[in-house]
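Chains as they are written, first to last, in the numbering used here: chain A, 11 to 448; chain B, 7 to 574.
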């Protein structure tokens, strides 16, 4: 986890040349980092769940020669399942020898070393560390959102993003709405003034909740009791240090869209939240609803709701009100003086598009760095959680400079995670008015 | 006739004749005529072909104007040979190229040789219409399924074997346990368990030795033990699933009340363990003309030709299945623990709990269009099938999706016009939600007027899943009355949805209009493997359930509920 700036011995000649030329004259190095777009790009997958496997599938579906050469996951069974799926779909491009399948908490370092491009798709708590290591080793990166779950992590991502720019490394972040034509065209119109000044915003991720891995099922499958660390890693969605709460893990998509429309992040937030029905033994410590008001630099406010409760009003969308009209951003629809609606038969899969765009930038050596935006959008969602957990008004500056680090001091199967269950198997839950979040 | 074995093998599988020997009508020629010609050239066929019958010796040898179909000793003068070797682009080519693949060179050659040798057709030997077995469509599902083989499946297997058991390159069953190689030599008495089962269990291309063994087995009558269970599934997940289906079947049979169509009345049922209800309307058995006439406005070629279809009595759900119903299936255990439903006490159903459940979706699947009272959407056909299994286990009634034929029969409700209310789409707004009145979203079920058989939203609102694989030319094979047709899926796409949706214009809501699913319907599922439960991009697809009066066998239930093609 230390920030090392010195090149490691394994640095390739190409990386060495790149680094020295960066030092010599950053402005002159743009073309020719890769000899040609026809070079075979070696890819490593870090985090072999369903989404990681999907991202690797999409990476391997981009133009030009590619090889998946290494895989890493905390769990061997997850890695093997992912390998089988990928091998079945990309027989010729999946070339992962048994010795290049790395398992455990430190597996990522070894997999990163073997690749030109790394896909970071573990639970988001690990993202800052993995991103830092990938850039330290001089690799291009695709990382899933969110890019961190706490302020120290976000600061690490922002510092690493700068480092990546210096090393001319391309970084994609899985906020795929930025690669979705309907969103791009709608927001372009908003930026062109289609509804005037944006004065009020709303966004939602209200749904029924996601998967749960029950301890009893996991232990039945394993045929033995799990250590607390194993359990939390398997059922990671319900622990803040791994997931960030659903406001961070999911709602970041909608908050990111509003930041995109506004051209910046909010400056402060206040809100409320709790867990009304999410009280199961395997529901860890996260809330089931958050309501947050964010204030932007121009004084406009965003009302944001996210909820994981079945049977309620469900909605996933973003809406903005302008001085001259309204826009349903995710519905690609503008009402007001100049009504407009995006209509695209045969729209592209945005998850494929984000990889097409990243790999094209790598092969053509064009500027590509989504890390800073990813960090600011993730921080926006963390700010929201800080507001709902504490019940207090929180300023962006205080939030991003917070030293509350959620990561465990030691990572290992017998190590202590940052939160532990009581005698009844229940975890402490944030209490607004009492819990300190900054 | 040995074409399917490939040139290398060169021997006839069914142990009949060597290529050089005299051609025998019964073993060599008959099946070529039966598979390729008699389907049209028979007395029942309504069109001109009926005049050129090939189903009996007397008819086949009749002269027709100046041409004769069979001139013994002179193949070049015989139409049954000559027309098969015309270029396929020739309109006179037989079989008609738009319906069927041409005969292979070997098949034409057998006909030629048979005529040259005197065209001996044993007196009294009649020909029947025989399906040409297709490995991927007909055989692979049987072998992959494992478990007990239905009588019908056995017949298909026998037919396939009789047709040379062609096993396409690249097809194998990775889960099959490697079995001891078949060692039986031709001429030896074939034992199913010792000789045949290992061949199927092994999967993959058949060796010449395996083909010989199978051929000998067929020659000996293809005896198939009643208790057989084919290789891959032995003791596996499918066998366990079959046991569960058998238990559900027993429960349904034990609680069955209605015996005849006269016993069938409309009913409303509460899903046990909840306060959620659903209503079923009786649909009388009968016969109808499926598809649309060429004269119908906006008609597409896949809607024809129109053909007579016979449908057995059943109940159809009056409304499209709602989220209220579907979420009971989607959200089982942890929801129960977190928030026990009010008014529901200690309901348990071990059988229903044993049915698999959908994974939780990552995105919100109603897409903000509303839940309570609104139709459930975005599920796969597989998800509907398992929902039906779950609901059957909970209620003791057998439920499944309708076939495409049953759906159109229920939608038409005895009408023959483009819509069940006539041909004029101007009235559509009284009966349906579609692009003109839906406000870009689905609407609550049951708010418009029903069709004559009391079915609400049977057109519009959401498309409805059927059990069938979509094949544009599927109707072309039906030349006579067909009972309960079902084009069972052999691959994941396309499968049929019917009725049109809130997104569609009026022409897509016509009773005969067909639509096939596609892989695009999972475009925004970013995972690998993609979910077998959700079509993230099909926000216009829902379903309604049906219940046949006749309770099917446990095996039939298994086949309705388990398409076997849910994985991408």
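Glycine included, each C-beta is placed from N, C-alpha and C at the ideal position.
As an exercise, report each continuous beta strand (DSSP E) stretch of at least 3 residues that is fully enclosed by the segment 329–370 of chain A, in chain order.
Qualifying beta strand (DSSP E) stretches, in chain order: 335–338 and 343–346.
So, using beta-carbon positions, are residue 109 of chain B and residue 44 of chain B closer together than 8 Å?
Taking the first residue of the second chain as 1, we reach residue 109 of chain B at position 103. Taking the first residue of the second chain as 1, we reach residue 44 of chain B at position 38. No.
Which chain B residues are close to residue 491 of chain A, counting only those with a beta carbon under 7 Å from its beta carbon?
Here chain A comprises residues numbered 11 to 448, so residue 491 of chain A is not present and cannot be evaluated.
Start and end residues, beta strand (DSSP E) containing residue 275 of chain B:
Counting from 1 along the second chain, the entry for residue 275 of chain B is found at position 269. Here the beta strand (DSSP E) through residue 275 of chain B covers 273–276.
I need the straight-line Cα distance from residue 349 of chain A to residue 338 of chain A, nearest angstrom please.
Counting from one through the first chain, the residue named residue 349 of chain A turns up at place 339. Counting from one through the first chain, the residue named residue 338 of chain A turns up at place 328. Near 11 Å, if we compare the C-alpha coordinates of residue 338 of chain A and residue 349 of chain A.
Given 8 Å, three or more beta-carbon pairs between the segment 240–259 of chain A and the segment 294–312 of chain A:
Here the segment 240–259 of chain A makes contact with the segment 294–312 of chain A; the two share three or more CB pairs at distances below 8 Å.
Work out the CA separation of residue 147 of chain A and residue 334 of chain B for me, nearest whole Å.
As a working mapping, residue 334 of chain B is identified with position 328 in the second chain. As a working mapping, residue 147 of chain A is identified with position 137 in the first chain. Each residue's alpha carbon lies about 50 Å from the other.
Run through DSSP, which three-state label would residue 205 of chain A get?
Locating residue 205 of chain A in the first chain gives position 195, counting from the first residue. Coil at residue 205 of chain A, not helix or strand.
Output yes if chain B places a C-beta closer than 8 Å to the C-beta of residue 246 of chain A; else output no.
Within the first chain, numbered from 1, the residue matching residue 246 of chain A stands at position 236. Residue 246 of chain A does not count as touching chain B.
For residue 315 of chain A, the three-state DSSP class (helix, strand or coil):
Within the first chain, residue 315 of chain A is the residue found at index 305, counting from 1. It is a strand residue.
Would you kindly check if the distance between the Cβ of residue 470 of chain B and the Cβ of residue 505 of chain B is under 8 Å?
Within the second chain, residue 505 of chain B is the residue found at index 499, counting from 1. Within the second chain, residue 470 of chain B is the residue found at index 464, counting from 1. It is a contact, given that the beta carbons lie within the stated cut-off.
According to DSSP, is residue 569 of chain B part of a helix, a strand, or is it coil?
Looking up residue 569 of chain B in the second chain gives position 563. Coil.
What are the start and end residues of the alpha helix (DSSP H) that includes residue 138 of chain A?
Residue mapping note: residue 138 of chain A aligns to position 128 of the first chain, counting from 1. Residues 137–146.
From what residue to what residue does the beta strand (DSSP E) around residue 78 of chain A run?
Residue numbering aside, residue 78 of chain A sits at position 68 when the first chain is read from its first letter. Residue 78 of chain A -> beta strand (DSSP E) spans 76–83.
I'd like to know whether the C-beta atoms of residue 314 of chain B and residue 518 of chain B end up nearer to each other than 8 Å.
By one-based count along the second chain, residue 314 of chain B stands at place 308. By one-based count along the second chain, residue 518 of chain B stands at place 512. With a cutoff of 8 Å on beta-carbon distance, residue 314 of chain B and residue 518 of chain B are scored as not near each other.
Would you please verify whether the beta carbon of residue 368 of chain B is less than 8 Å from any beta carbon of chain A?
For the purposes of this step, residue 368 of chain B is taken as residue 362 along the second chain, with counting starting at 1. Chain A, which has a Cβ nearer than 8 Å to the Cβ of residue 368 of chain B, makes this yes.
Closer than 7 Å: residue 42 of chain B CB and nearest the ligand COA heavy atom
The model on display carries no ligand, and the ligand COA is accordingly not part of it.
If the cut is a Cβ gap below 8 Å, which residues of chain A does residue 535 of chain B touch?
Along the second chain, read from residue 1 onward, the residue named residue 535 of chain B stands at position 529. Those within 8 Å of residue 535 of chain B in chain A are 60, 63 and 95.
Taking the Cβ atom as the reference point for each residue, do residue 330 of chain A and residue 211 of chain A lie within a distance shorter than 8 Å?
For the purposes of this step, residue 330 of chain A is identified with residue 320 of the first chain, where counting begins at 1. For the purposes of this step, residue 211 of chain A is identified with residue 201 of the first chain, where counting begins at 1. Yes, Cβ-Cβ distance for residue 330 of chain A and residue 211 of chain A is below 8 Å.
Between residue 80 of chain A and residue 144 of chain A, is the Cβ-Cβ spacing less than 8 Å?
Counted from its first residue, the first chain places residue 80 of chain A at position 70. Counted from its first residue, the first chain places residue 144 of chain A at position 134. If you check the CB distance, residue 80 of chain A and residue 144 of chain A do not come in under 8 Å.
Residue 193 of chain A (DSSP reduced to helix, strand or coil)
Numbered from its first residue, the first chain carries residue 193 of chain A at position 183. It is helical.
Option nearest residue 95 of chain A by Cα separation, candidates B:534, B:543, B:544 and B:554:
Within the first chain, numbered from 1, the residue matching residue 95 of chain A stands at position 85. That would be B:534, whose Cα lies nearest to the Cα of residue 95 of chain A.
Helix, strand or coil for residue 67 of chain A, going by three-state DSSP, please let me know.
In the first chain, counting from the first residue as 1, residue 67 of chain A sits at position 57. Helix, per DSSP.
For the alpha helix (DSSP H) that contains residue 437 of chain B, what are its first and last residues?
For the purposes of this step, residue 437 of chain B is taken as the residue at position 431 of the second chain. Taken as a continuous stretch (DSSP letters only), the alpha helix (DSSP H) holding residue 437 of chain B covers 434–437.
Output needed for residue 458 of chain B: all residues of its chain with C-beta closer than 6 Å, excluding positions within five of it in sequence on either side, in chain order.
Here residue 458 of chain B refers to the residue found at position 452 of the second chain. 419, listed in sequence order.
Less than 8 Å between the beta carbons of residue 213 of chain A and residue 48 of chain A, yes or no?
Counted from its first residue, the first chain places residue 213 of chain A at position 203. Counted from its first residue, the first chain places residue 48 of chain A at position 38. Between residue 213 of chain A and residue 48 of chain A, the C-beta gap is not smaller than 8 Å, which leaves the two residues out of contact.
On a Cα-Cα basis, can you pick out the residue from B:400, B:515, B:433 and B:362 that is closest to residue 276 of chain B?
For the purposes of this step, residue 276 of chain B is taken as residue 270 along the second chain, with counting starting at 1. Residue B:400 is the option with its Cα nearest to residue 276 of chain B.
Report the rounded CA-to-CA distance for residue 448 of chain B versus residue 545 of chain B, giving the unit in angstroms.
Residue numbering aside, residue 448 of chain B sits at position 442 when the second chain is read from its first letter. Residue numbering aside, residue 545 of chain B sits at position 539 when the second chain is read from its first letter. Roughly 9 Å separates the two Cα atoms.
Could you tell me which residues DSSP pairs with residue 489 of chain B in its beta bridges?
Along the second chain, read from residue 1 onward, the residue named residue 489 of chain B stands at position 483. Partner residues in the beta bridge of residue 489 of chain B, as assigned by DSSP, are B:316.
Please list the partners that residue 532 of chain B has in chain A, where partner means a Cβ-to-Cβ separation under 7 Å.
Counting from 1 along the second chain, the entry for residue 532 of chain B is found at position 526. 61, 64 and 361, listed in chain order.
Quick check on residue 52 of chain A: does DSSP put it in helix, strand or coil?
The residue labelled residue 52 of chain A in the question sits at position 42 within the first chain. In the structure shown, the three-state DSSP call for residue 52 of chain A is strand.
Step through the CB atoms of chain A and report whether any lies within less than 8 Å of the CB of residue 365 of chain B.
Position 359 of the second chain holds residue 365 of chain B. Residue 365 of chain B counts as touching chain A.
Check for me: the alpha helix (DSSP H) holding residue 411 of chain B runs from which residue to which?
Residue numbering aside, residue 411 of chain B sits at position 405 when the second chain is read from its first letter. Counting along the chain, the alpha helix (DSSP H) containing residue 411 of chain B begins and ends at 410–418.
Does DSSP put residue 4 of chain A in a helix, a strand or coil?
Because chain A is modelled from 11 through 448, residue 4 of chain A falls outside the range shown and cannot be assessed.
Whole alpha helix (DSSP H) runs in the segment 204–261 of chain A with 4 or more residues, listed along the chain?
As far as the segment 204–261 of chain A is concerned, its whole alpha helix (DSSP H) runs of at least 4 residues are 225–232, 238–244, 250–253 and 256–259.
Under a Cβ-count criterion, where at least 16 other Cβ atoms within 10 Å of its own Cβ denotes burial, should residue 82 of chain B be classed as buried or exposed?
Start at 1 with the first residue of the second chain, and residue 82 of chain B comes out as number 76. Exposed: under 16 other Cβ atoms inside 10 Å.
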